[in-house]
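Chemist: When we follow our numbering, the leftmost residue of the sequence shown carries the number 2, and every step to the right adds one.
Where a beta carbon is used, it is the ideal one built from N, C-alpha and C, also for glycine.
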Amino acid sequence: MRDEREKWARIRIIMIGTFFGLLFLSVTCRAFYLQIIKHEDMVKKAEKQHQRIVPLTPARGAIMDRNGTPLAVSVEMDSCYAEPRHINDIEGTAAVLAPIFGTQRHELVKKISSARNFVWLERRMAPEMTARIKNMKLRGIGFVKENKRFYPNVEVAAHVLGFTGQDPNGLEGIELKYDATILGNTGYMITERDNLGRDIAVKSTVIKNASPGKNVILTLDKNIQYITEKELARAVTENSAKGGMALVMESDTGKILAMANFPTFNPNAHARYTQAQMRNRTVADSFEPGSTFKIFVVAAALEEKIVKPTDMFNCENGVYRVADRIIHDDHPHPRLSVSDVLKYSSNIGAAKIGFRLGEERLSRYLHNFGFGERTGIDLPGESPGNLKKRWYGVDLATIAFGQGVSTSAMQLASAVSTIANGGNLMKPYLVERILDDNGHVSQKFEPQVVRRVVSPETAQKVARMMETVTTEGGTGTKAAVDGFRVAGKTGTAQKVDAVTRRYGSKRTASFIGFIPAEKPKLTIVVIVDEPQGSKYGGVVAAPAFHSIAMNSLAYLKIIPTGETRTTAHKNAAKTPAPQQQEVALEGGSIDAMPGEDGAIMPNFHGMSMRRVLQVMEKKGINIRLMGSGRAMEQNPPPGHKIRGIGEVWIKFAPSA
């Protein structure tokens with residue numbers, strides 16, 4: 002019996018011991034879990050219970066142009082906060098601060114009297130406002146440093162740069178595209194809480210993991226950007242147009258030197274503007290290109306060797322029926338060469354070249370030039386344009402002269418640069434380098450070839466044909482720049498009415514081209530939307546191209562390619578090609594060496610400069626040319642010998 006009791010006693014001891022052993026083990030495991038495994042989480046949870054973290058605006062890196070000129074910077078400013086528990090007279094404090102903040106006293110009283118014991122009163126204030134409040138030495142009112150985005154050049158490059166919000170995350174432009182790169186790590190301000198979770202006081206300003214954002218160096222040149230914006234604004238204003246776009250690109254690299262929109266906006270006060278005003282139309286909008294498209298049709302036909310520049314086409318005296326559609330030319334011609342189809346911008350000639358190419362080949366080349374797909378420019382919201390996959394009826398004819406297809410200004414600039422640089426489609430880009438906070442290059446972007454579209458020989462032929470557009474008789478003479486050969490193309494496209502879905506009376510006028518034509522440096526696109534009065538690109542957009550090109554080349558110190566007085570004597574034996582010499586001499590003059598003794602002076606009276614140059618080349622004589630227009634005076638008189646001494650010249654003047 003006794004053994005039985007001892008047996009049960011041992012069992013009970015073992016059971017109780019096991020129970021407490023398991024209990025101790027579970028407590029130990031739980032303690033290990035909380036103390037070791039969940040330590041960091043528990044610490045953070047504890048901090049949240051007795052501290053409140055107030056995020057502060059982080060510093061964003063600067064955005065600069067290619068010369069290091071700041072375009073967007075972060076400026077350190079004071080933000081004002083209130084601690085209501087430490088304010089004895091809320092009404093009086095609100096009455097004093099309301100006029101400074103530009104708000105109503107009762108609104109400020111409501112804000113300060115809120116349940117929270119920390120409240121922002123004004124973020125990123127002007128220095129004079131901060132000084133006034135600090136001088137009052139108000140109890141319960143404090144300040145902390147935050148960063149505000151500032152654009153020192155106001156409207157210059159506004160659509161490229163974009164802007165930021167209060168966060169301050171990027172909302173448009175480069176600020177949005179490179180937001181993760183530009184934005185620095187956030188700082189924090191810590192406030193103490195009591196056991197009921199109420200804010201007690203600001204403990205201190207603590208910056209955790211604070212580091213400034215990286216600096217972005219753009220390909221933009223502030224001076225060229227300013228020139229482009231000024232001339233675009235003038236073109237839009239003088240023609241009472243709805244708006245405009247302009248681009249300047251390095252022809253052989255794809256670097257964007259300027260990108261302008263008009264109307265523009267001030268990113269320092271972006272809240273005052275509509276979304277439409279802040280949209281970067283050069284990349285986000287597409288439009289029918291009109292006659293500028295003929296460049297690429299001709300290039301495709303030359304590359305396929307189905308036409309030569311001298312091939313003639315019947316241009317039907319300006320009226321040509323295709324199926325149920327009649328195609329018109331503004332200036333009727335019976336027959337034109339392929340080169341003159343570009344020079345005089347014949348829709349009929351372009352349509353017939355398109356027919357020779359056929360749908361498959363033309364579509365392939367247009368895609369290769371980059372139409373119908375995004376260029377990959379490092380900006381948000383780029384439009385791919387619209388290039389039909391299937392063409393019906395007269396589509397082949399109308400697309401050949403830029404109708405029934407849409408493109409962006411960026412696509413046009415890239416495609417024209419393909420002709421300028423010898424046939425390579427380059428990827429356009431805006432960001433050149435990214436620098437860390439020590440100024441070291443963390444990332445660098447290089448020119449990138451997308452594909453070869455046409456051969457250098459074809460590109461050169463097209464470029465020469467485009468030069469005729471800006472010479473006498475061409476549609477783009479107002480784009481000519483003294484001392485430089487200019488290759489370009491005018492465009493005047495009808496716009497589709499949004500209501501009727503038919504072509505209406507509104508137009509888009511454009512001029513695209515590159516300069517100097519023989520060794521292109523700059524590709525320039527100017528587009529004017531809905532000009533009043535004249536609708537033609539050669540009248541509306543070409544003058545802006547001229548001014549942008551002339552001023553940009555002067556700023557870049559690019560020497561005129563035409564022969565000057567000092568070089569003519571050295572190269573007397575080599576007479577320049579007539580076309581080159583005409584462009585070089587327009588508006589200027591050259592001292593010419595007399596020809597061989599006994600050469601007879603022709604009668605140049607009434608001739609155009611082009612015709613004079615042709616005669617000079619044929620006869621092997623060199624003559625000083627002065628002025629522009631038609632020949633009015635000459636020395637020596639017609640029929641006299643050109644001797645090795647004395648002055649030989651022709652004076653030109655505009656015809657009446």
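Compare the C-beta of MET617 against all C-beta atoms of chain C and say whether one is closer than 7 Å.
Modeler: Checking the listed chains, one finds no chain C in this structure; it contains a single protein chain.
Chemist: From ASN552 to VAL308, what distance separates their C-alpha atoms?
Modeler: The residue labelled residue 552 in the question sits at position 551 within the sequence shown. The residue labelled residue 308 in the question sits at position 307 within the sequence shown. Using only the alpha carbons, I get a separation of about 37 Å.
Chemist: Can you tell me the Cα-Cα spacing of ILE101 and GLY440, whole angstroms?
Modeler: As a working mapping, residue 101 is identified with position 100 in the sequence shown. As a working mapping, residue 440 is identified with position 439 in the sequence shown. Going from the Cα of ILE101 to the Cα of GLY440 covers about 40 Å.
Chemist: Going by C-alpha distance, which of ILE601, ALA481, GLU360, ALA301 is nearest ALA416?
Modeler: By 1-based counting over the sequence shown, the position of residue 416 is 415. If we check each option's Cα against that of ALA416, ALA301 comes out closest.
Chemist: Checking the sheet assignment: what are the DSSP bridge partners for LEU35?
Modeler: Reading the sequence shown from its first residue, position 34 is the one you call residue 35. None; LEU35 has no bridge partner.
Chemist: Quick check on the burial criterion: 16 or more other C-beta atoms within 10 angstroms. Buried or exposed for GLN635?
Modeler: By 1-based counting over the sequence shown, the position of residue 635 is 634. Per the 10 Å Cβ criterion, buried.
Chemist: Below 8 Å on the Cβ atoms is my contact criterion, and I expect VAL395 with ALA351 to pass it. Report the Cβ-Cβ distance as a whole number of Å.
Modeler: For the purposes of this step, residue 395 is taken as residue 394 along the sequence shown, with counting starting at 1. For the purposes of this step, residue 351 is taken as residue 350 along the sequence shown, with counting starting at 1. The Cβ separation is near 13 Å, so there is no contact.
Chemist: How big is the Cα-Cα spacing for SER26 and GLU41?
Modeler: For the purposes of this step, residue 26 is identified with residue 25 of the sequence shown, where counting begins at 1. For the purposes of this step, residue 41 is identified with residue 40 of the sequence shown, where counting begins at 1. At residue 26 the sequence reads Leu, which differs from the Ser that was named. Those two C-alpha atoms are separated by around 23 Å.
Chemist: Unbroken alpha helix (DSSP H) runs of length 4 or more, entirely within the region 388-412: which are they?
Modeler: 396-401
Chemist: Secondary structure at LYS306, three-state DSSP: helix, strand or coil?
Modeler: The residue given as residue 306 occupies position 305 in the sequence shown. Correct three-state label for LYS306: coil.
Chemist: With a cut-off of 8 Å on the beta carbons, I'd call SER292 and GLY492 a contact; round off their distance for me.
Modeler: Translated into positions along the sequence shown, residue 292 becomes position 291. Translated into positions along the sequence shown, residue 492 becomes position 491. Correct: roughly 5 Å between the Cβ atoms.
Chemist: Rounded to whole angstroms, what is the Cα-Cα separation between GLY514 and VAL526?
Modeler: Translated into positions along the sequence shown, residue 514 becomes position 513. Translated into positions along the sequence shown, residue 526 becomes position 525. The straight-line gap from Cα to Cα measures roughly 7 Å.
Chemist: Assign PHE266 to buried or exposed, taking buried as 16 or more other Cβ atoms, counted over all protein chains shown, within 10 Å of its Cβ.
Modeler: Taking the first residue of the sequence shown as 1, we reach residue 266 at position 265. Flag for PHE266 reads buried.
Chemist: What are the start and end residues of the beta strand (DSSP E) that includes ARG1?
Modeler: Nothing about residue 1 can be reported from this structure: the residues present for the chain run from 2 to 657 only.
Chemist: Determine whether the beta carbon atoms of PHE512 and ALA543 lie at a separation below 7 Å.
Modeler: Here residue 512 corresponds to residue number 511 of the sequence shown, with the count starting at 1. Here residue 543 corresponds to residue number 542 of the sequence shown, with the count starting at 1. Their beta carbons are under 7 Å apart, which means PHE512 touches ALA543 by this criterion.
Chemist: Within the continuous beta strand (DSSP E) that includes HIS641, where are the two ends?
Modeler: By 1-based counting over the sequence shown, the position of residue 641 is 640. Note, HIS641: premise wrong, no beta strand (DSSP E); not H, not E.
Chemist: Return the chain-ordered list of same chain residues with a C-beta closer than 7 Å to the C-beta of CYS81, the five sequence neighbours on each side being excluded.
Modeler: The residue labelled residue 81 in the question sits at position 80 within the sequence shown. Here the set comprises LEU122, GLU123, MET126, ILE134, ILE142, PHE144.
Chemist: From PRO638 to ASP483, what distance separates their C-alpha atoms?
Modeler: The sequence position of residue 638 within the sequence shown is 637, counting from 1. The sequence position of residue 483 within the sequence shown is 482, counting from 1. If you take the alpha carbons of PRO638 and ASP483, they lie about 28 Å apart.
Chemist: Counting C-beta neighbours from all protein chains within 10 Å, is the total for TYR152 16 or more, i.e. buried, or is it exposed?
Modeler: Position 151 of the sequence shown, counted from the first residue, corresponds to residue 152. TYR152 should be labelled buried.
Chemist: Does the Cβ-Cβ distance between THR509 and ALA494 come in under 7 Å?
Modeler: For the purposes of this step, residue 509 is taken as the residue at position 508 of the sequence shown. For the purposes of this step, residue 494 is taken as the residue at position 493 of the sequence shown. Yes, the pair counts as a contact, with Cβ atoms nearer than the cut-off.
Chemist: I'd like the span of the alpha helix (DSSP H) that includes ALA99, first residue to last.
Modeler: Position 98 of the sequence shown holds residue 99. For ALA99, the uninterrupted alpha helix (DSSP H) run begins and ends at 91-102, by DSSP.
Chemist: Would you grab the beta carbon distance between LEU233 and ALA247 for me? Rounded to a whole angstrom, and I think it's under 8 Å.
Modeler: To locate residue 233, count along the sequence shown from 1; it is residue 232. To locate residue 247, count along the sequence shown from 1; it is residue 246. Right, their Cβ atoms sit about 4 Å apart.
Chemist: Is it right to say ILE560 is buried, meaning 16 or more other beta carbons lie within 10 angstroms of its own, or is it exposed?
Modeler: Stepping through the sequence shown from its first residue, residue 560 is reached at position 559. With fewer than 16 Cβ atoms within 10 Å of its Cβ, ILE560 is classed as exposed.
Chemist: Please give the ranges of any alpha helix (DSSP H) in the region 249-332, keeping only runs that are unbroken, at least 4 residues long and fully inside the region.
Modeler: 276-279, 282-285, 295-304
Chemist: Alpha carbon to alpha carbon, how far is PHE297 from THR70? Give it in angstroms, no decimals.
Modeler: As a working mapping, residue 70 is identified with position 69 in the sequence shown. As a working mapping, residue 297 is identified with position 296 in the sequence shown. Between THR70 and PHE297, the alpha-carbon positions lie close to 37 Å from each other.
Chemist: Can you grab the Cα-Cα spacing for the pair ASP668 / GLU360, in whole Å?
Modeler: This structure gives no information on residue 668, because the portion of the chain shown stretches from 2 to 657.
Chemist: Could you give the C-beta distance for GLY475 and LYS344, rounded to a whole number, given that I count them as a contact under 8 Å?
Modeler: Here the question's residue 475 lines up with position 474 in the sequence shown. Here the question's residue 344 lines up with position 343 in the sequence shown. Indeed they touch by this definition, with Cβ atoms about 5 Å apart.
Chemist: For my contact list, GLY171 and ASP180 are in at a C-beta cut-off of 8 Å; report their separation, rounded to the angstrom.
Modeler: If you number the sequence shown from 1, residue 171 lands on position 170. If you number the sequence shown from 1, residue 180 lands on position 179. Their Cβ separation, rounded to whole angstroms, is 4 Å, which keeps GLY171 and ASP180 in contact under 8 Å.
Chemist: Given ALA480, which residues of its chain have a CB within under 7 Å of its CB, disregarding the five upstream and five downstream residues?
Modeler: In the sequence shown, the residue the question calls residue 480 occupies position 479. Correct list, in chain order: THR471, VAL487, GLY489, PHE512, GLY514, ALA543, PHE546, HIS547.
Chemist: Excluding sequence positions up to five away, which residues of its chain have a Cβ less than 6 Å from the Cβ of GLN36?
Modeler: Residue mapping note: residue 36 aligns to position 35 of the sequence shown, counting from 1. Result list for GLN36: empty, nothing under 6 Å.
Chemist: Enumerate in chain order the residues of its own chain whose CB-to-CB distance from GLU305 is below 7 Å, with the five nearest sequence positions on each side excluded.
Modeler: Residue mapping note: residue 305 aligns to position 304 of the sequence shown, counting from 1. Correct list, in chain order: LEU358, ARG362.
Chemist: Would THR524 pass as a contact of MET250 if the rule is Cβ separation under 7 Å?
Modeler: Taking the first residue of the sequence shown as 1, we reach residue 524 at position 523. Taking the first residue of the sequence shown as 1, we reach residue 250 at position 249. Remark: C-beta atoms of THR524 and MET250 approach each other more closely than 7 Å.
Chemist: For LEU388 and GLU374, what's the separation of their Cα atoms in angstroms?
Modeler: One-based indexing of the sequence shown puts residue 388 at position 387. One-based indexing of the sequence shown puts residue 374 at position 373. Computed Cα separation, rounded: 9 Å.
Chemist: Going by other Cβ atoms of all chains shown within 10 Å of its Cβ, with 16 needed for buried, is ALA464 buried or exposed?
Modeler: By 1-based counting over the sequence shown, the position of residue 464 is 463. So ALA464 ends up on the buried side.
Chemist: Just list the beta strand (DSSP E) runs in the region 334-388, keeping only unbroken ones of 3 residues or longer that don't cross its boundaries, in chain order.
Modeler: Fully enclosed beta strand (DSSP E) runs of 3 or longer: 336-338.
Chemist: For my contact list, PRO517 and THR562 are in at a C-beta cut-off of 8 Å; report their separation, rounded to the angstrom.
Modeler: As a working note, residue 517 is residue 516 in the sequence shown. As a working note, residue 562 is residue 561 in the sequence shown. Their Cβ separation, rounded to whole angstroms, is 5 Å, which keeps PRO517 and THR562 in contact under 8 Å.
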